[in-house]
Amino acid sequence: MSKDENQNLPMLPIRNAAKILDISVHTLRMYEREGLIIPFKKESSHRLYSYSDIERLKCIRRAINESKISIAGIKTIYSMIPCYEIINCSQTERDNCKAFQEHEQPCWTYNHKNNPCHKRECRSCEVYNNYSECGKIKDLIKNVLSQN
Ligand code: SF4
40 MSKDENQNLP MLPIRNAAKI LDISVHTLRM YEREGLIIPF KKESSHRLYS YSDIERLKCI
100 RRAINESKIS IAGIKTIYSM IPCYEIINCS QTERDNCKAF QEHEQPCWTY NHKNNPCHKR
160 ECRSCEVYNN YSECGKIKDL IKNVLSQN
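Start counting the sequence shown at 40; every next residue gets the next number (this note's numbering).
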C-alpha cells in the first residue's frame, strides 16, 4: 500500500484525533456538524479519522486561529469551490442545484436528490478531498477562469 493510501485510511478514534490537534472532542464534533469535515462512521456510530483528515483539520485550525476566519467564513470559502466544473454538470443541472445557487454551505452539506451527485460518496469525492486548503481553491478558480 502506498503512503498516500495509508494517509486516507480510517485510523484514529475521535479522542486521538482531538488530542493530536490539541482541541476538545466537542470542538471536533462541532466541525462535523458544521460540515467542515466528514469523518468515517462505523456501524456503532463511532467516528474515525485518517491522517489526511488531520491535515485538513490543521488547515481549518490555522484559518481560524491565524487568519481569523470564522466557521461561517470557511463554509463560504468551501461553497465557492466550482464543483459543477469538476463534476461537469450541465446547465440544467446547475440551474436545479442548490449547491450551485447558494454560497453559504459546502456542496457536500446539501441533500443531493435528483442531481449528478445523487450516487456519489462525498467523502471519497475529489471535490471534498482535493480542495481543503484555501490556496488550492484559489488555484482551481484561476484555472477555471483561464479556460473560459
Ligand atoms: S459528490 Fe459531494 S463533494 Fe462531490 S461535488 Fe457532489 S456534493 Fe460535492
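We put the beta carbon where it would ideally sit given N, CA and C, even for glycine.
Note that the structure is predicted; figures quoted are calculated from it, not measured.
Check this for me: beta carbons of R72 and F79, under 9 Å apart or not? no
For the ligand SF4, is there any heavy atom lying closer than 8 Å to the beta carbon of H151? yes
In three-state terms, what does DSSP make of Y88? strand
Measure the alpha-carbon distance for V166 versus S118 and round it to whole angstroms. 11 Å
What are the uninterrupted segments assigned as beta strand (DSSP E) that are 3 or more residues long and contained completely in the region 131–155, given in chain order? none
With a threshold of 16 other CB atoms inside 10 Å of the CB of N154, please say whether the residue is buried or exposed. buried
List the whole-angstrom C-beta distance separating C156 from I126, where the pair is believed to meet the contact cut-off of C-beta under 8 Å. 7 Å
From R100 to I59, what distance separates their C-alpha atoms? 12 Å
Alpha carbon to alpha carbon, how far is S106 from L96? 14 Å
Can you tell me the Cβ-Cβ gap for C98 and S163, rounded? I've got them flagged as a contact below 8 Å. 19 Å between Cβ atoms; not a contact.
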